[in-house]
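Residues 1 to 342 (full-length UniProt numbering) are what the sequence shown spells out, left to right.
In this text, a Cβ means the ideal position worked out from N, Cα and C, and glycines have one as well.
Only one structure is covered here, and it is reproduced in the block below.
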Amino acid sequence: MHSPLAVENGTNLKPYNTFGLPCVARTLVRITSEADVRRLLGDPELGRAPKFILGGGSNLVLTRDLDACVLKLEVKGRALVETRDDCHIVEVGAGENWHDTVQWCLAQGLPGLENMALIPGTVGAAPVQNIGAYGIELKDRFESLDAVDLVTGRTITLTAEQCRFGYRDSVFKQHLAGKSIITRVRLRLPRPWQPVLGYLELERKVQETGITEPSAQQIFDWVCAVRRAKLPDPAVVGNVGSFFKNPVVTPEQCRDIIARDPHIVHYPMEDGSFKLAAGWMIDACGWKGKSIGRAGVYEKQALVLVNRGGASGAEVVTLARAIQESVYGRFGIRLEPEPVVV
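Right under this line is the structure:
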């Protein structure tokens, strides 16, 4: 006998989004298994209602109430499912917390995710956004995932190639947006493990400590220290981490901007293009610490927008647009938001 669906009506999503923005969902259903999704689709009323998928709410700006059936992902479980010559395969429920999963893998002697420590959100959201930090993206550690088609109720398995990962992008932001719900993710952790230290802040840690061959735990500790120094804890100050993507430009565009602003922070990419530091550009436009209404720019990192207490989604969007106009006016670059604005 299946347990009935956990259905709630008129739920305020403020506790379920890290920006702490108010938003009432008409219906909220907690999804703990693939069977829950199929039961939902078979329900005469809920099955026909528009769906909105909610993970950890760490990549979301809610600007209005949701007249939809919100599917809150709570599929749990972590296990080492296979060991191959070149990697370990770990399977994780989509509702598990990402940072807790990084810690769990390290505790099991399964390194490889340490550079992505402290990224907020759930494991199920990680492939959608192709999360990344300090020289590693999810696609570098990805094997496959299971998702349930929200029309047919069938489970599909997608490989890395089928997920079409790009910079903070995937097929789940394109033609599969809102059409399927990720339930399980399989991660590919390399063996033998090698440290990834090519990022400026990690190179600084190597120089500061004199540790030239750090362990995975050491890198984890460094990444946590760096992130905590410049990013606010969403449990204390509402935010979604980095608000804008670092823009990628051609070598010609990069040279043009350097000619005008020699100090601009930029990184060469494998394909010959350059990634520019959006936070540096926002700071150069004088936004650090400023506010519009109750939404503001974090004092220690201009890439982070924060809820100064009681902010609305509209105030966050107004602030973001003002920053975009400033940066475009000075650098001729249009910044793209990372979070989904609803």
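Segment limits, alpha helix (DSSP H) that includes E96: Here the question's residue 96 lines up with position 96 in the sequence shown. Taken as a continuous stretch (DSSP letters only), E96 belongs to no alpha helix (DSSP H), as it is neither H nor E.
For K275, the three-state DSSP class (helix, strand or coil): Residue 275 sits at position 275 when you count from the first residue of the sequence shown. K275: strand per DSSP, three-state reduction.
Three-pair Cβ contact test at 8 angstroms for the segment 15–30 versus the segment 238–253: yes
Pick from E34, E315, L145 that is closest to I89, judged by C-alpha positions: Mapped onto the sequence shown, residue 89 falls at position 89. Comparing Cα-Cα distances from I89 to each of E34, E315, L145, the minimum goes to L145.
Sub-8 angstroms separation of V327 and C285 beta-carbons: Indexing the sequence shown from 1 puts residue 327 at position 327. Indexing the sequence shown from 1 puts residue 285 at position 285. In this structure, C285 lies closer than 8 angstroms to V327 by Cβ.
K72 and R30 closer than 8 angstroms at C-beta: Numbered from 1 along the sequence shown, position 72 holds the residue referred to as residue 72. Numbered from 1 along the sequence shown, position 30 holds the residue referred to as residue 30. Taking 8 angstroms as the Cβ cut-off, K72 and R30 qualify as a contacting pair.
Stretch pair the segment 184–191 + the segment 57–71: three plus CB contacts closer than 8 angstroms: no
Beta-carbon proximity of V128 to F165, cut-off 8 angstroms: Translated into the one-based positions of the sequence shown, residue 128 becomes position 128. Translated into the one-based positions of the sequence shown, residue 165 becomes position 165. No; because the gap between Cβ atoms is not below 8 angstroms, this pair is not in contact.
The segment 152–169 in contact with the segment 134–144 per 3-pair CB rule at 8 angstroms: yes
Which listed residue (I181, C105, L197) has its alpha carbon closest to that of V70: Position 70 of the sequence shown, counted from the first residue, corresponds to residue 70. Selected option, being the one with the closest Cα: I181.
Contact under 8 angstroms by Cβ, V148 with T122: For the purposes of this step, residue 148 is taken as the residue at position 148 of the sequence shown. For the purposes of this step, residue 122 is taken as the residue at position 122 of the sequence shown. Going by C-beta atoms, V148 is not nearer than 8 angstroms to T122.
Contact the segment 248–265 vs the segment 286–295: 3+ CB pairs below 8 angstroms: no
8 angstroms Cβ shell around W98 - same chain, five flanking residues per side excluded: The residue given as residue 98 occupies position 98 in the sequence shown. The residues are G56, M116, I119, P120, G121, T122, V123, A125, A126, I131.
Buried versus exposed, by CB contacts within 10 Å (16 or more), L54: Indexing the sequence shown from 1 puts residue 54 at position 54. Buried.
Same chain, Cβ closer than 8 angstroms to E338, five either side skipped, listed in chain order: Here the question's residue 338 lines up with position 338 in the sequence shown. The residues are N59, Q129, R168, V240, G241, S242, F243, F244, K245.
Endpoints, the beta strand (DSSP E) within which D67 is located: Taking the first residue of the sequence shown as 1, we reach residue 67 at position 67. Here the beta strand (DSSP E) through D67 covers 66–73.
Buried versus exposed call for T209 [16 or more other C-beta atoms within 10 Å across all chains shown]: Within the sequence shown, residue 209 is the residue found at index 209, counting from 1. Answer is exposed; the Cβ neighbour count stays below 16.
For V304 and L200, believed in contact at Cβ under 8 angstroms, the rounded distance: Working through the sequence shown from its first residue, we reach residue 200 at position 200. Working through the sequence shown from its first residue, we reach residue 304 at position 304. Going by Cβ atoms, the distance from L200 to V304 rounds to 18 angstroms, so no, they are not a contact pair.
Residues sharing a beta bridge with E213, DSSP: Taking the sequence shown and counting its residues from 1, one reaches residue 213 at position 213. Partner(s): none; E213 has no beta bridge.
Boundaries (first-last residue) of the alpha helix (DSSP H) holding R30: Position 30 of the sequence shown, counted from the start, is the residue given in the question as residue 30. That residue, R30, is in no alpha helix (DSSP H); its beta strand (DSSP E) goes 24–31.
Ordered list of alpha helix (DSSP H) runs contained in the segment 166–218, each at least 4 residues: 200–209
Y16 to V306 span [Cα, whole Å]: Counting from one through the sequence shown, the residue named residue 16 turns up at place 16. Counting from one through the sequence shown, the residue named residue 306 turns up at place 306. Their Cα atoms are separated by approximately 16 angstroms.
Among G42, L5, D67, the one whose alpha carbon lies nearest that of N12: Within the sequence shown, the letter at position 12 stands for residue 12. Checked all of G42, L5, D67; the closest Cα to N12 is D67.
DSSP-derived helix/strand/coil call for E82: As a first step, residue 82 is located in the sequence shown; it is residue number 82 there, counting from the start. E82 falls in the strand class under three-state DSSP.
Residue burial classification, E252 (beta-carbon count within 10 angstroms, cutoff 16): Walking along the sequence shown from the start, residue 252 turns up at place 252. Exposed, because fewer than 16 other Cβ atoms sit within 10 Å of the Cβ of E252.
C-beta atoms of K179 and L150 nearer than 8 angstroms: Here residue 179 refers to the residue found at position 179 of the sequence shown. Here residue 150 refers to the residue found at position 150 of the sequence shown. The answer is yes: Cβ separation under 8 angstroms.
Residue interval of the alpha helix (DSSP H) (run including A322): In the sequence shown, the residue the question calls residue 322 occupies position 322. Run containing A322: 313–331, per the alpha helix (DSSP H) assignment.
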